[in-house]
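K.L.:
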Amino acid sequence: MIDLYIIISKYLFILYIAVFIFCGVMINLKRQEMVKYSVASGLSNQRICIILFHITASVILISAALETGMQPVIIYCTVGFLLILGGNVLTAKLYPDGSHLLYNCVFFLMDIGLMMLYRLNPNLANKQLLWNTLGIVMMLIMPKILGVMPRLDKFKHLYIGSALALLIITLIFGFASFGSKNWIEIGPIGFQPSEIIKVFFILYLASSFAKKPKLKELIVPTVLSGIVVLILVGGQNDLGSALIFYMTFIVLLFIATSNYFYLIAGLGFISVASSIAYKLFSHIRVRVEAWQNPWLDVHDKGYQIAQSLFAICTWGITGIGFTRGYATSIPVVERDFIFAAICEEFGVIFAVGLILIFMFILLEGARGAIENNNRFLSLVCAGFTALIAFQSFLIIGGVIKFIPLTGVTLPFVSYGGTSIVISYIIIAFMQWIIMHNVGYIEDKSAEDIHKRVRQPQTRKEARALKEARAVKNDRKSKTVRNTKDSLIPVKKTVERPARKRKTKSEETSLRPESYNRKRRNR
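Here the sequence shown stands for residues 76 to 597, numbered as in the numbering used here.
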């Protein structure tokens with residue numbers, strides 16, 4: 076009976092993610108006024124798909140656990156369900172102006188990761204559930220905290236100082252895990268400082284580029300960013316994080332300057348630097364050789380890639396079925412190769428839908444960056460969007476052998492405590508920027524709304540502020556105020572009396588006498 080249910084569930088999972096993607100596409104088309112569609116119903120349908128996915132997968136996990144006697148799975152699935160339901164209710168109540176399409180994408184990815192992790196490693200899945208709970212709490216409270224903080228673009232030295240300090244501490248006190256020395260242990264808790272540095276790095280670059288920089292002003296951010304990348308590659312052997320930091324820097328540099336030369340030069344430099352790094356660092360050579368031909372040393376260097384390709388290609392577009400795969404044979408499948416496990420059990424169609432969910436996140440981030448009127452906040456949103464994009468591309472591209480494997484996590488899906496929490500904090504930043512679409516107050520005319528507290532405004536307040544400014548400008552155009560603080564000199568207008576029309580007798584008296592004599596002779 077359970078086997079029949081698993082076979083049916085393969086197509087149900089594809090149906091759930093297909094409906095989710097369809098609703099997301101229609102919501103984006105509605106925003107462009109290309110179709111008639113109810114955004115509220117589309118978001119509700121997406122939430123229903125997430126809940127149905129969780130229930131369908133939970134039934135399979137519970138059925139498998141009853142055969143083996145693993146009763147805690149019932150508690151695990153119940154807590155996961157409450158986490159999804161509570162997250163949706165709280166986000167709708169606390170942030171009605173936020174991007175709920177973005178929230179839905181995050182919750183769907185989280186649920187896919189939770190279900191897949193419990194099937195692969197229940198112990199890690201229980202820890203992941205705790206990290207997701209902490210991350211969702213941070214995602215809910217961060218916009219409130221950011222709303223009362225002072226201007227974030229004034230602390231660029233603090234951002235880069237904190238980032239470099241964390242890197243140096245990791246070099247001195249850190250320990251290696253999976254080949255990269257990027258972990259620090261404080262008591263029983265271990266974390267990756269490079270994940271925390273992502274937030275500081277984006278805030279530093281956005282602060283440095285908040286005003287359109289000139290060539291001289293680009294030197295310091297470029298040098299400091301280069302130092303961060305060099306420490307990650309040379310000191311910590313963390314190739315994946317180094318690539319993410321570098322590509323994010325190139326994207327923000329191009330957005331800030333609108334100069335295609337910097338973009339082309341940056342891509343050219345990374346090509347040259349990759350060739351040099353290939354010759355200098357042995358761990359990079361191993362990964363490139365395994366990518367070029369994993370079958371040459373299939374039992375050692377190319378084992379991970381080979382097993383990943385087997386998992387993706389063996390069971391076709393619909394997969395073998397949830398809990399029926401052999402993904403546990405892939406080393407570090409919970410962190411680096413969870414996408415291959417999803418392809419094997421849920422099918423390639425479902426995996427393509429997962430990629431499209433990440434595309435929705437990128438579209439929401441790009442929309443928040445484009446629509447924001449504050450340059451700093453726009454760059455922050457663009458930086459975090461680029462970071463998620465490159466991180467997802469690196470891990471998915473490495474798993475399918477499109478690029479060399481770099482060993483980063485798939486956001487919201489792979490196991491990783493620090494990575495999960497920081498991913499939720501990034502989403503909180505993006506939501507805060509989307510909800511506050513005007514930027515920081517920089518003139519005295521807005522003091523009636525936010526007295527001396529320079530922070531973003533809501534859309535209603537922005538509309539009220541715009542109308543107040545329009546009325547004020549209209550009054551200024553009608554009434555000229557002669558004050559000492561006036562910056563524009565105003566010419567005084569002198570009223571001239573109306574010209575009096577002359578009578579016929581007056582015109583005749585003013586004419587020459589010869590002209591009047593000729594008139595009389597006629």
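Even for Gly, the Cβ is constructed at its ideal location relative to N, Cα and C. Just so it is clear, the structure is predicted and the values come from calculations on it, not from any experiment.
Once you ignore the five residues that flank N120 on each side, which residues in its own chain have a CB closer than 7 angstroms to its CB?
P.N.:
Against the sequence shown, residue 120 aligns to sequence position 45. Only V94 and C98 meet the Cβ criterion.
K.L.:
Specify the secondary structure class of T493 as computed by DSSP and reduced to three states.
P.N.:
The residue given as residue 493 occupies position 418 in the sequence shown. Helix, per DSSP.
K.L.:
Should P369 be labelled buried (16 or more other beta-carbon atoms within 10 Å of its own) or exposed?
P.N.:
For the purposes of this step, residue 369 is taken as the residue at position 294 of the sequence shown. It is buried - the Cβ of P369 has at least 16 other Cβ atoms within 10 Å.
K.L.:
What distance in whole Å lies between the Cβ atoms of T323 and F465, which are believed to be in contact at a cut-off of 8 angstroms?
P.N.:
Here residue 465 refers to the residue found at position 390 when the sequence shown is read from its first residue. Here residue 323 refers to the residue found at position 248 when the sequence shown is read from its first residue. Sure, about 7 angstroms apart at Cβ, within 8 angstroms.
K.L.:
Find the nearest neighbour of F284 within the set T297, Q506 and I126, judged by alpha-carbon distance.
P.N.:
What you label residue 284 is simply residue 209 of the sequence shown in a count that begins at 1. That would be T297, whose Cα lies nearest to the Cα of F284.
K.L.:
Straight-line CA distance for T393 to A426?
P.N.:
Counting from 1 along the sequence shown, the entry for residue 393 is found at position 318. Counting from 1 along the sequence shown, the entry for residue 426 is found at position 351. One C-alpha to the other measures close to 10 angstroms.
K.L.:
Would the beta-carbon of E420 fall within 8 angstroms of that of G443?
P.N.:
The residue you call residue 420 lines up with position 345 of the sequence shown. The residue you call residue 443 lines up with position 368 of the sequence shown. No, these two residues do not count as a Cβ contact at 8 angstroms.
K.L.:
State buried or exposed for H232, treating a residue as buried only when at least 16 other CB atoms are found within 10 Å of its CB.
P.N.:
Here residue 232 refers to the residue found at position 157 when the sequence shown is read from its first residue. Classification of H232: exposed, given that the 10 Å Cβ count is below 16.
K.L.:
So, under 8 angstroms CB-CB, L480 and I417 are touching, yes? Tell me the CB distance rounded to an integer number of Å.
P.N.:
Position 405 of the sequence shown, counted from the start, is the residue given in the question as residue 480. Position 342 of the sequence shown, counted from the start, is the residue given in the question as residue 417. Contact flag wrong, Cβ pair sits at about 17 angstroms.
K.L.:
From I493 to G262, what does the alpha carbon distance come to, in whole angstroms?
P.N.:
Counting from one through the sequence shown, the residue named residue 493 turns up at place 418. Counting from one through the sequence shown, the residue named residue 262 turns up at place 187. The residue you asked about is not Ile; residue 493 is Thr in the sequence shown. Distance between the alpha carbons of T493 and G262 is about 15 angstroms.
K.L.:
Per DSSP, what kind of secondary structure is K111 in: helix, strand or coil?
P.N.:
As a first step, residue 111 is located in the sequence shown; it is residue number 36 there, counting from the start. In this structure, K111 counts as coil in the three-state DSSP scheme.
K.L.:
Apart from the five residues on each side of it in sequence, which residues of its chain come closer than 6 angstroms, Cβ to Cβ, to F156?
P.N.:
Here residue 156 is taken as the residue at index 81 of the sequence shown, counted from 1. Once the five neighbours on either side are set aside, the close Cβ partners of F156 are H129.
K.L.:
Threshold first: 4 residues or longer. Then list the alpha helix (DSSP H) segments lying entirely within the region 412 to 454, N to C.
P.N.:
If we require 4 residues or more, the alpha helix (DSSP H) runs fully inside the region 412 to 454 come out as 413 to 421 and 423 to 446.
K.L.:
Please report how far the alpha carbon of L338 lies from the alpha carbon of I405, in whole angstroms.
P.N.:
Within the sequence shown, residue 338 is the residue found at index 263, counting from 1. Within the sequence shown, residue 405 is the residue found at index 330, counting from 1. Computed Cα separation, rounded: 37 angstroms.
K.L.:
Is it true that the CB of E409 sits closer than 8 angstroms to the CB of S489?
P.N.:
On the sequence shown, position 414 is the one that residue 489 refers to. On the sequence shown, position 334 is the one that residue 409 refers to. A contact, by the Cβ cut-off of 8 angstroms.
K.L.:
Three-state secondary structure (DSSP) at I261?
P.N.:
Counted from its first residue, the sequence shown places residue 261 at position 186. Residue state, collapsed to three classes: strand.
K.L.:
For S255, write down the residues that DSSP places opposite it in a beta bridge.
P.N.:
For the purposes of this step, residue 255 is taken as the residue at position 180 of the sequence shown. BP columns for S255 point to S252.
K.L.:
For Q367, count neighbouring Cβ atoms within 10 angstroms of its own Cβ and tell me buried if that reaches 16, exposed if not.
P.N.:
Residue numbering aside, residue 367 sits at position 292 when the sequence shown is read from its first letter. The residue is exposed, with fewer than 16 neighbouring Cβ atoms inside 10 Å.
K.L.:
S282: which of Q311, A331, I126 and N257 sits nearest, CA to CA?
P.N.:
As a first step, residue 282 must be located in the sequence shown, where it is residue number 207. The option with the nearest alpha carbon to S282 is A331.
K.L.:
In angstroms with no decimal places, state the Cα-to-Cα distance between I96 and G428.
P.N.:
The residue labelled residue 96 in the question sits at position 21 within the sequence shown. The residue labelled residue 428 in the question sits at position 353 within the sequence shown. Looking at the two C-alpha atoms, the distance is approximately 7 angstroms.
K.L.:
Following the continuous alpha helix (DSSP H) through W366, name the residue where it begins and the one where it ends.
P.N.:
The count along the sequence shown starts at 1 and reaches residue 366 at position 291. Start and end: S357 to Q367.
K.L.:
Thinking L177 and I502 are a contact (beta carbons under 8 angstroms), I'd like their distance in whole angstroms, please.
P.N.:
Translated into the one-based positions of the sequence shown, residue 177 becomes position 102. Translated into the one-based positions of the sequence shown, residue 502 becomes position 427. The Cβ separation is near 7 angstroms, so the contact holds.
K.L.:
Using 8 angstroms as the cut-off, can you tell me whether the region 190 to 206 makes contact with the region 162 to 176, which would need three or more C-beta pairs spanning the two stretches below that distance?
P.N.:
Cβ pair count under 8 angstroms is below three, so no.
K.L.:
Excluding the five sequence neighbours on either side, which residues of its own chain have a C-beta within less than 7 angstroms of the C-beta of F435, listed in chain order?
P.N.:
For the purposes of this step, residue 435 is taken as the residue at position 360 of the sequence shown. Contacts found: G99, L176 and C180.
K.L.:
Quick one: using the 10 Å Cβ neighbour count with 16 as the cut-off for buried, is G161 buried or exposed?
P.N.:
Walking along the sequence shown from the start, residue 161 turns up at place 86. By the 10 Å Cβ count, G161 comes out exposed.
K.L.:
Helix, strand or coil for F468? Go by DSSP, reduced to three states.
P.N.:
What you label residue 468 is simply residue 393 of the sequence shown in a count that begins at 1. It is helical.
K.L.:
Taking F477 as the reference, give the member of L469, K229 and T484 with the closest Cα.
P.N.:
As a position in the sequence shown, residue 477 is number 402, starting the count at 1. Of the candidates L469, K229 and T484, the one whose C-alpha sits nearest the C-alpha of F477 is L469.
K.L.:
Expressed to the nearest angstrom, what Euclidean distance is found between the alpha-carbon atoms of I387 and I445?
P.N.:
Position 312 of the sequence shown holds residue 387. Position 370 of the sequence shown holds residue 445. One C-alpha to the other measures close to 37 angstroms.
K.L.:
Exposed or buried, which one is A545 when buried takes at least 16 other CB atoms within 10 Å?
P.N.:
By 1-based counting over the sequence shown, the position of residue 545 is 470. With fewer than 16 Cβ atoms within 10 Å of its Cβ, A545 is classed as exposed.
K.L.:
What residue range does the alpha helix (DSSP H) around H175 cover?
P.N.:
On the sequence shown, residue 175 is found 100 positions in, with the first residue counted as 1. Its alpha helix (DSSP H) spans residues H175 to L195.
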